[in-house]
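Okay, structure first, notes after.
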Amino acid sequence: MLRASAGGDEGLVIAGSLTWNSGAIHGFRETEKSRWSEASRAILQRVQAAAFSPGQTLLSPVHVLDLEPRGYIKPHVDSIKFCGATIAGLSLLSPSVMRLVHTQEPGEWLELLLEPGSLYVLRGSARYDFSHEILRDEESFFGARRVPRGRRISVICRSLPEGMGPEEPGQPPPAC
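Put into structure tokens, the structure is as follows:
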């Protein structure tokens, strides 16, 4: 299991909604980060090794999403314009429940309990055929268990969209 902590709010930008997700995220701050401490780089390299295929090019910088306790993420499928075949998120600070629902068969769904320090990976059918969301605090149950929400930070690594080359040709991809 990966363990990490989030320190300070330096560089976080206040925002209202993500344009590429049509307002899917509410009650959040976000930033993109390309410079990390040595300890954080080591964690990101473990995320890369666990979630991405060898040779898969990753988007840089890493997306950091800071969701307030009452914040939530509505159901969405990330646009293929902004991320490729794999999305990996490292969950920090607070547990939360992620729900995935099949876009063509809404009766097919599952919920994931994302504990602090856990890593989720969306690829294949989970990436393209299921919407995903982070439940609102008042809806936050895993089975019969209430999962109270606090502030949640997710560190999200994404592969490069198909047909796009690295931002700097000839440079090795970053850790995430």
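Going by the working numbering, 190 is the number at position 172 of the sequence shown; the sequence numbering is gapless. Backbone N, C-alpha and C define an ideal beta-carbon position, used for all residues, glycine too. All values derive from a computational prediction rather than experimental measurement.
Less than 6 Å between C-beta atoms, sequence neighbours within five positions excluded: which residues of the same chain meet that for I171? A24, D84, L110 and L111
Simplified DSSP state of R145, which is helix, strand or coil: helix
Can you name the start and end residues of the beta strand (DSSP E) that L62 belongs to? Counting along the chain, L62 falls outside any beta strand (DSSP E), though it belongs to the alpha helix (DSSP H) covering E56 to A69.
Would you be able to state if there are at least three C-beta pairs under 8 Å between the stretch 60–74 and the stretch 151–165? no
At what residues does the beta strand (DSSP E) containing C175 begin and finish? R170 to R176
Using only alpha-carbon positions, find the residue among L153, I98 and Q122 that is nearest to L77. Closest in alpha carbon position to L77, among L153, I98 and Q122, is I98.
Out of H94, R59, G168 and I61, state which residue places its alpha-carbon closest to the alpha-carbon of E133. G168
Which stretch, first to last residue, makes up the beta strand (DSSP E) that contains T49? According to the DSSP assignment, T49 belongs to the beta strand (DSSP E) that extends over I43 to K51.
Which value, in whole angstroms, describes the spacing of the CA atoms of L153 and R88? 10 Å
CA-to-CA distance, Y90 to G45, given in whole angstroms: If you draw a straight line from the Cα of G45 to the Cα of Y90, it is about 7 Å long.
Can you tell me where the beta strand (DSSP E) with G135 in it begins and where it stops? Looking at the DSSP string, G135 is not in any beta strand (DSSP E), and its letter there is neither H nor E.
Inspect the beta-carbon positions of G107 and Y146 and report whether they are closer than 7 Å. Not closer than 7 Å, so no.
Is DSSP giving E156 helix, strand or coil here? helix
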